[in-house]
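Numbering (our numbering), first residue to last: 18 to 299.
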């Protein structure tokens, strides 16, 4: 027999304990970076998500879309203001953000999943008041922080084998529309669902120690210590903060993993190898 066939069969057989472990589990995936960068990467990601649903996992996709927003703002000639390095989201900007995220980006992901044989439905945090937000900082305009989560609509979709694809747009208490950081939205949704896993896809291999080595498992206490020591810095800080908030909110574990790796989510869930840094409460 062909050795590749035998290896494939062995891989499927070894996945059994993991398939049993995640049967009916809720896994929230923050999609961004490389996985959104090409049609080929999107197709591969979509196939993995459909496979997850096929074997009994309840996946939820939360996506970003910063580069697409910037491109549309440039096309419209909209000039952005920044406060302490953060973009001010004025009325025009939040309208563009909603148009791009809830429209162009969201439906691209929905179509990719559906093409692979899944049943995906696109939502934003405004649908069914899924994510009610308070204004983060008046100086930043229409930027929101999730304050109240209502995930019943997602559980209803799970019951019909539907994969939710969520744009990080929140509803204000007085009818406002708020732009929410994608990682923050994913963490809040995962906490609202008490998800088994939150997977944060990034363009790095995971959380690294002072020697530059990827740490495959960490506790919340280690994350706090490494941040205080400056080992965790820059763009990794918001991701680890999201992880800590999600765990505090009831998520069993968070994984920061390299979305550039082929089949990263499958490697993380269904093999002994994993694909990034797993963070637990401790």
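The beta-carbon is built from N, C-alpha and C at its ideal position, and this holds for glycine as well.
Close-in-space but distant-in-sequence residues of the same chain around residue i (CB under 7 Å, 5 per side omitted)
i           : result
residue 275 : 219, 221, 222, 223, 281, 292 and 293
residue 287 : 32, 35 and 36
For residue i, the three-state DSSP class (helix, strand or coil)
i           : result
residue 169 : helix
residue 104 : strand
residue 213 : coil
residue 297 : strand
residue 46  : strand
residue 285 : helix
residue 249 : coil
residue 181 : strand
residue 275 : strand
residue 141 : strand
Heavy atom of the ligand SAM within 7 Å of residue i beta-carbon
i           : result
residue 224 : The model on display carries no ligand, and the ligand SAM is accordingly not part of it.
Per-residue burial, residue i [other beta carbons within 10 Å of its own, 16 or more giving buried]
i           : result
residue 144 : buried
residue 80  : buried
residue 104 : buried
residue 185 : buried
residue 30  : exposed
residue 285 : buried
residue 100 : exposed
residue 217 : buried
residue 214 : buried
residue 120 : exposed
residue 70  : buried
residue 141 : buried
Cβ-based neighbour list, residue i, same chain, cut-off 6 Å, excluding 5 preceding and 5 following
i           : result
residue 106 : 158, 159, 160 and 196
residue 266 : 208
residue 98  : 105
residue 210 : 43 and 168
Those residues which DSSP pairs with residue i across a bridge
i           : result
residue 76  : 44
residue 163 : 150
residue 196 : 160 and 186
residue 225 : 231
residue 99  : 104
residue 270 : 214
residue 236 : 297
Anticipated Cβ contact below 8 Å, residue i with residue j, distance rounded
i           : j           : result
residue 78  : residue 182 : 5 Å
residue 45  : residue 188 : Their Cβ separation, rounded to whole angstroms, is 19 Å, which puts residue 45 and residue 188 out of contact at 8 Å.
residue 299 : residue 238 : 5 Å
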